[in-house]
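Asker:
Numbering (our numbering), first residue to last: 756 to 1313.
#1: When the Cα of residue 861 is compared with those of 826, 1278 and 1256, which residue comes out closest?
#2: Are the region 1146 to 1156 and the region 1038 to 1058 in contact at 8 Å, needing three or more beta carbon pairs?
#3: Locate the alpha helix (DSSP H) running through residue 854, then write down its first and last residues.
#4: Could you give the distance in angstroms between the alpha-carbon of residue 1262 and the alpha-carbon of residue 821?
#5: Residue 927 and residue 1010 look like a contact to me (Cβ under 8 Å); what is the Cβ gap, rounded to whole Å?
#6: Let me check understanding here. Comparing Cα to Cα, which of 841, 847 and 901 lies closest to residue 884?
#7: Taking the beta carbon of residue 1287 as the centre, do at least 16 other beta carbons fall within 10 Å, making it buried, or is it exposed?
#8: Which full runs of the beta strand (DSSP E) of 3+ residues lie inside the region 947 to 1015, going along the chain?
#9: Just to confirm, are residue 758 and residue 834 a CB contact at a threshold of 8 Å?
#10: Rounded to the nearest angstrom, what separates residue 760 and residue 918 at their Cα positions?
#11: Which one of 824, 1033 and 803 has the shortest CA to CA distance from residue 852?
#12: Residue 969 to residue 916, Cα distance in whole Å?
#13: I'd like the list of long-range same chain contacts for residue 1141, defined as Cβ closer than 7 Å, with 5 residues on each side in sequence excluded.
#14: Got a sec? Which residues, its chain only, sit under 8 Å from residue 1004 by beta carbon, not counting five neighbours each side?
#15: Quick check: the Cα distance between residue 779 and residue 829, rounded to an integer number of angstroms?
#16: Identify which residue in 1246, 1267, 1266 and 907 has its Cα closest to the Cα of residue 1257.
#17: State the CB to CB distance for the pair residue 934 and residue 838, rounded to an integer number of angstroms; the pair is presumed to be in contact (CB under 8 Å).
#18: Could you confirm whether any beta carbon from chain D is found closer than 8 Å to the beta carbon of residue 988?
#19: Do the region 860 to 880 and the region 965 to 985 meet, that is, are 3 or more Cβ pairs less than 8 Å apart?
#20: Do the CB positions of residue 1266 and residue 1238 come within less than 8 Å of each other?
#21: Quick one: using the 10 Å Cβ neighbour count with 16 as the cut-off for buried, is residue 981 buried or exposed?
#22: Per DSSP, what kind of secondary structure is residue 1162 in: helix, strand or coil?
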């Protein structure tokens, strides 16, 4: 059968608004996907729904569609998106109303069954991660637009691929290939040079958005429209493959993809071939993301300038101690951004950050802000803050659990209103997730002279969040660099380089085909991004910090 060209126009709620038009006008496409959901987004949409029961979906998508629905119709491009969030039926109705107003005949379907909030008292939003076969059912029935709630990001690609090629639920290798393509596409411009360690390899001022040419055997080519910015090479695709993953087995509701089988090769300018992907039966359970309100938080950053930074920090802490005694969670962090004999006031200054959390808004609100402001004329010399503390804002907590598939009613609601249940796999067609055996490592480099230098001179990295955990994927650009990296960057060495991880479980997953190591740091993000427990709450820059740390690197690699 023909190649299926699937593009992406959104990697998160708030991504580039013009991307939908750019993808529809930049070159041929069969399906255009949009990923709008993340753990934090579900919390935001949950709070929206508290104010308005008819809300709960990504309104940006509707505004984009108002400009682009006619274009998609003219060009025969089908649209698949998870912008439905907490209310896919509501967004589907809104799309129909928009199409009627614009006079554009389109068939709109949606997928539901992910919402398990009623079964989890106290949760603001509890949603199972569904697979792609509900999407496939809607497309097979003729839908032009398919709206979902919480599906896996890769399901936006596996669904159209299964529908187009006629794949069944046990064609694991083909489905796994589509999962890998979907994982590469889901974060938009991160596959075309965005957030890329070696961004200076190309012009990334305005990266284009990616697309994948999928084939019936599950292989694909990742590319972008001609003339768009950024670049696609083995490195950009490797970086995105490692993003927010754990071990070699990448589990999803449709299939468990073996990331250790992925083979990448350059297939021409801005073209990377993805092949060799093996798939296995999916787990017998589905992941459920729970978002709840954890209480209230407040923060203030004190600027400490010039001499005696440590003593000034100690004075602030002592002055605020009586007020903070009543607060459940108090965190102080001193960032020594100051330099001796600095040429500017800013570079002569350090930042002392105070973050407080409590179930009582008053405790972290007016009481704290009043006490902090009262120090303005009674504190350390040069007292000032980056911004006055507020009244205390609610924060969220993310938890993940797993439930039997039989407890989740995955339903495709076709454009004609017919409700079609998506079958639950038989027990024999599932497999409990287990770690893969440690793969053989390459031969170490022979001994030779070394030089103290940053890791980033020979390796790239990309990091991200999964609930309270963070992952850091590190890859080598050459075979020799991989021979060194595989033996040098152990879990213990990772803890040495990243002191925040010294007392935390760190699990290393080698991926030799990608010349990569994936580290999972458990608990470093506390209760998840919405709780904002650390300076970089989504661990987006954790990999770049690691690349900046110095090791003894063989001179032959430098």
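Ideal placement from N, C-alpha and C gives every residue a C-beta, glycine not left out.
Answerer: Quick answer:
#1: The residue labelled residue 861 in the question sits at position 106 within the chain shown. Cα-wise, what sits closest to residue 861 is 826.
#2: yes
#3: Numbered from its first residue, the chain shown carries residue 854 at position 99. 843 to 857 is the span of the alpha helix (DSSP H), which, as asked, contains residue 854.
#4: Here residue 1262 refers to the residue found at position 507 of the chain shown. Here residue 821 refers to the residue found at position 66 of the chain shown. Using only the alpha carbons, I get a separation of about 46 Å.
#5: As a working mapping, residue 927 is identified with position 172 in the chain shown. As a working mapping, residue 1010 is identified with position 255 in the chain shown. That pair is a contact at about 5 Å.
#6: For the purposes of this step, residue 884 is taken as residue 129 along the chain shown, with counting starting at 1. Nearest C-alpha to residue 884: 841.
#7: Within the chain shown, the letter at position 532 stands for residue 1287. Buried, by the Cβ-count rule.
#8: 965 to 969, 975 to 979, 1004 to 1006 and 1011 to 1013
#9: To locate residue 758, count along the chain shown from 1; it is residue 3. To locate residue 834, count along the chain shown from 1; it is residue 79. Against a cut-off of 8 Å, the Cβ pair of residue 834 and residue 758 comes out as no contact.
#10: Residue 760 sits at position 5 when you count from the first residue of the chain shown. Residue 918 sits at position 163 when you count from the first residue of the chain shown. Distance between the alpha carbons of residue 760 and residue 918 is about 13 Å.
#11: For the purposes of this step, residue 852 is taken as residue 97 along the chain shown, with counting starting at 1. The shortest Cα separation from residue 852 among 824, 1033 and 803 belongs to 824.
#12: The count along the chain shown starts at 1 and reaches residue 969 at position 214. The count along the chain shown starts at 1 and reaches residue 916 at position 161. The alpha-carbon atoms of residue 969 and residue 916 are separated by roughly 7 Å.
#13: If you number the chain shown from 1, residue 1141 lands on position 386. If we look at residue 1141 and ignore the five residues flanking it on each side, its Cβ neighbours are 1056 and 1058.
#14: Taking the first residue of the chain shown as position 1, residue 1004 is located at position 249. If we look at residue 1004 and ignore the five residues flanking it on each side, its Cβ neighbours are 1011, 1012, 1013, 1014, 1035, 1188, 1189, 1190 and 1191.
#15: Working through the chain shown from its first residue, we reach residue 779 at position 24. Working through the chain shown from its first residue, we reach residue 829 at position 74. Residue 779 and residue 829: Cα-Cα distance of roughly 10 Å.
#16: Your numbering for residue 1257 matches position 502 in the chain shown. The option with the nearest alpha carbon to residue 1257 is 1246.
#17: Mapped onto the chain shown, residue 934 falls at position 179. Mapped onto the chain shown, residue 838 falls at position 83. Contact doesn't hold; Cβ gap of about 21 Å is too wide.
#18: The structure shown contains no chain D; it holds only a single protein chain.
#19: no
#20: The count along the chain shown starts at 1 and reaches residue 1266 at position 511. The count along the chain shown starts at 1 and reaches residue 1238 at position 483. Not closer than 8 Å, so no.
#21: For this step, residue 981 is matched to residue 226 along the chain shown. That one is exposed.
#22: For this step, residue 1162 is matched to residue 407 along the chain shown. Residue 1162 falls in the helix class under three-state DSSP.
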